[in-house]
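Some notes on the structure that comes next.
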Amino acid sequence: MGLFCKTPERMPVPPRKTIPPAVLRKTLLDWYNAHCRDLPWRSPPSAPPPPAYRVWLSEIMLQQTTVTAVIPYFLKFLKKWPRIENLAAADREDVLEAWAGLGYYARARNLHQCAKTVMENYGGDFPADEAELRKLPGIGPYTAAAIASIAFDIPAAAVDGNVERVMARYHGLKTPLRDNKKFLKSEAEKLVFAGKTRAGDFTQSLMELGATLCTPKNPQCSHCPWQGGCVAHLNGIAADLPVPPPKTVKPVRYGTVFVLFCPEKKSVFLQKRPDDGLLGGMTEFPSTPWNETPPKTGKDIKKYLPQTVKTAEWQVLPEEIVHHFTHFTLRLSVWQGCGTETSAENRQSWVPAAEVEQRALPGVMQKVWRAALESFKRK
């Protein structure tokens with residue numbers, strides 16, 4: 007098909023008026039003026055754009071994360087690093103610790119590297135150009151378009167999952183979103199370029215429609231400003247679209263994690279993960295590799311104990327820790343032990359038990375820590 011979009015399979019369309027993109031755009035902006043949420047990274051409708059630093063920070067945090075979860079982290083980051091030069095000068099460990107619990111930790115590493123790149127290559131100012139923005143660490147096509155439009159009022163089609171869902175329902179697409187990416191982007195661009203002003207407000211209005219009314223479940227079609235032209239609504243099947251892709255079963259990996267206490271000094275043994283790869287640079291309890299099959303014997307497990315903790319006395323907690331990553335499910339057996347505080351090697355440390363939760367523990371290790379604490383309380 008070359009550069010042309012394949013016409014997707016659509017639902018039958020009941021009689022309806024063809025609504026021009028410019029009219030759809032104005033209708034949505036009018037709705038946004040009256041119903042947009044007050045969010046800490048937003049400017050009011052028709053107001054000057056918010057600082058690019060705030061837009062960028064919020065967009066990185068909002069990747070695969072809900073607004074409710076992001077708000078306290080966004081405010082915490084702004085308080086600690088109010089400007090990009092503050093974030094660029096921060097230690098990466100501090101950034102990872104502040105990010106802990108938000109998930110998808112590569113975002114935090116890219117966030118810090120991006121701040122440093124903007125300071126070094128652009129004098130602390132984000133480039134007001136979509137193509138230049140895409141060159142920065144952690145910024146892909148969607149995020150670049152969002153920053154360009156919201157922070158600089160440049161017309162750009164920022165198409166995320168919310169926008170794809172809105173467009174798929176409006177056009178009544180009968181096939182999964184992944185089969186219609188080019189078409190959905192093309193339709194969004196028609197709306198974006200149908201007006202010459204308020205590019206940022208329009209980007210946010212589309213996001214807002216998907217986040218508040220055209221939601222994955224129980225869409226509120228009766229309140230939607232586009233209901234008169236929406237094929238899914240006119241067919242009474244908005245809740246059934248978009249068509250889900252075929253289900254795939256996540257593979258399961260198994261491992262054992264070691265939580266070692268020193269009762270005498272009330273400390274806990276922690277180590278840093280390698281800088282690259284899954285959960286890179288985060289703090290963790292020592293563990294075996296995460297493999298497709300569980301270890302067969304205790305001897306198989308103990309060979310992965312760090313030298314400094316091999317003499318501890320261990321007990322196995324009765325319940326596994328189950329954690330879902332994007333591409334696999336992890337099942338961890340927890341070994342809990344008591345021992346004396348010995349010398350720690352590179353990337354290892356003994357940390358006061360009261361300070362463990364302040365460290366950059368990823369979600370799976372937070373679950374491990376809570377399980378270990380509950381076990382000690384029962385003793």
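Taken in order, the sequence shown gives residues 7 to 385; the numbers are from my numbering.
The C-beta atom is built at its ideal place from N, Cα and C for all residues, glycine as well.
Just so you know, these numbers come straight off a predicted model, no measurement behind them.
CB-CB under 6 Å to ALA121, same chain, minus the five flanking residues each way: which ones, in chain order? ILE90, LEU93, ALA94
Output needed for ALA134: all residues of its chain with C-beta closer than 6 Å, excluding positions within five of it in sequence on either side, in chain order. Setting aside the 5 residues that flank it on each side, ALA134 is surrounded in the same chain by PHE158, each with a C-beta closer than 6 Å to its C-beta; the list follows chain order.
Can we say the region 213 to 220 touches the region 131 to 151, given the rule of at least three CB pairs closer than 8 Å? No: the two stretches stay apart, fewer than three of their Cβ pairs being nearer than 8 Å.
Alpha carbon to alpha carbon, how far is HIS118 from GLN210? Give it in angstroms, no decimals. 25 Å
Apart from the five residues on each side of it in sequence, which residues of its chain come closer than 7 Å, Cβ to Cβ, to ARG337? VAL258, TYR260, GLU326, VAL328
So what does DSSP say about GLY144, is it helix, strand or coil? coil
What do you get for GLY144, buried or exposed, if any count of 16 or more other CB atoms within 10 angstroms of its CB means buried? buried
Below 8 Å CB to CB, which residues in the same chain sit around VAL374 once its five sequence neighbours on both sides are set aside? VAL263, VAL265, PHE291, ILE327, LEU338, VAL340
Exposure of THR203, with buried meaning 16 or more beta-carbon neighbours within 10 Å: exposed
Would VAL274 pass as a contact of VAL357 if the rule is Cβ separation under 8 Å? Yes. Within cutoff.
Buried/exposed call for ASN387, threshold 16 Cβ in 10 Å: Lying before the first or after the last residue shown, residue 387 is absent from the chain, which here runs from 7 to 385.
How many Å lie between ALA137 and ILE153 at the Cα? Distance between ALA137 and ILE153, taken at the CA atoms: about 11 Å.
Own chain partners of ARG279 with C-beta closer than 7 Å, once the 5 adjacent residues on each side are dropped: LEU285, GLY286, GLY287, MET288, GLU290
Nearest-angstrom beta carbon gap, GLY206 and PRO55 [assumed within contact, 8 Å]: 5 Å
Own chain partners of PRO88 with C-beta closer than 6 Å, once the 5 adjacent residues on each side are dropped: none
Any idea if MET7 is buried or exposed, counting beta-carbon neighbours within 10 angstroms, 16 or more meaning buried? Bear in mind that the predicted position of MET7 carries a pLDDT of just 37, short of 50, making it too unreliable to give a figure here.
Return the CA-CA distance between PHE10 and LYS196, expressed in angstroms with no decimal places. For PHE10, the predicted model reports a pLDDT of 43, less than 50, meaning its position is unreliable; a value from the coordinates is still stated below. Roughly 15 Å separates the two Cα atoms.
Consult DSSP for LYS278 and reduce its assignment to one of helix, strand or coil. strand
Quick one, which of ARG98, PRO51, LEU219 has its alpha-carbon nearest ASP281's? ARG98
Which residues mark the beginning and the end of the alpha helix (DSSP H) in which VAL237 is found? 237 to 240
Contact defined as beta carbons within less than 8 Å: I believe PRO175 pairs with CYS220. What is the distance between those atoms, to the nearest angstrom? The sequence as given places Arg at residue 175; Pro does not occur at that position. Between CYS220 and ARG175 the Cβ distance is about 6 Å, and since that is below 8 Å, they are a contact.
Quick check on TYR128: does DSSP put it in helix, strand or coil? helix
So who's on the other strand from VAL258, going by DSSP bridges? For VAL258, the beta-bridge partners assigned by DSSP are THR335.
Inter-residue Cα distance where the pair is THR254 and ASP246: 19 Å
Compute the Euclidean distance between the alpha carbons of ALA378 and THR294, then round it to the nearest angstrom. 17 Å
Do you know whose CA, among LEU45, PRO250, TYR59, lies nearest GLY130's CA? Minimum Cα distance to GLY130 is reached at TYR59.
Indicate the three-state DSSP secondary structure (helix, strand or coil) for GLY234 in the structure shown. helix
Pop quiz: TYR110 and GLN69 are said to be a contact at Cβ under 8 Å. What is the actual Cβ separation, rounded to whole angstroms? Right, the Cβ-Cβ distance comes to about 7 Å (below 8 Å), so this counts as a contact.
Express the C-alpha separation of GLU65 and GLU380 in angstroms, rounding to a whole number. 36 Å
Quick one: grab the DSSP three-state call for PHE291. DSSP places PHE291 in the coil class of the three-state scheme, outside both helix and strand.
Please report the straight-line C-alpha distance between ALA114 and SER49, rounded to a whole angstrom. Looking at the two C-alpha atoms, the distance is approximately 25 Å.
Cβ pair GLY343, GLU319 closer than 8 Å: The Cβ atoms of GLY343 and GLU319 lie closer than 8 Å to each other.
Taking C-beta to C-beta, are GLN277 and ARG353 nearer than 8 Å? yes
Nearest candidate by alpha-carbon position, reference VAL101, set HIS41, MET67, LYS223, LYS271: Nearest C-alpha to VAL101 among HIS41, MET67, LYS223, LYS271: MET67.
Are PRO225 and ALA244 closer than 8 Å when you measure CB to CB? Yes, Cβ-Cβ distance for PRO225 and ALA244 is below 8 Å.
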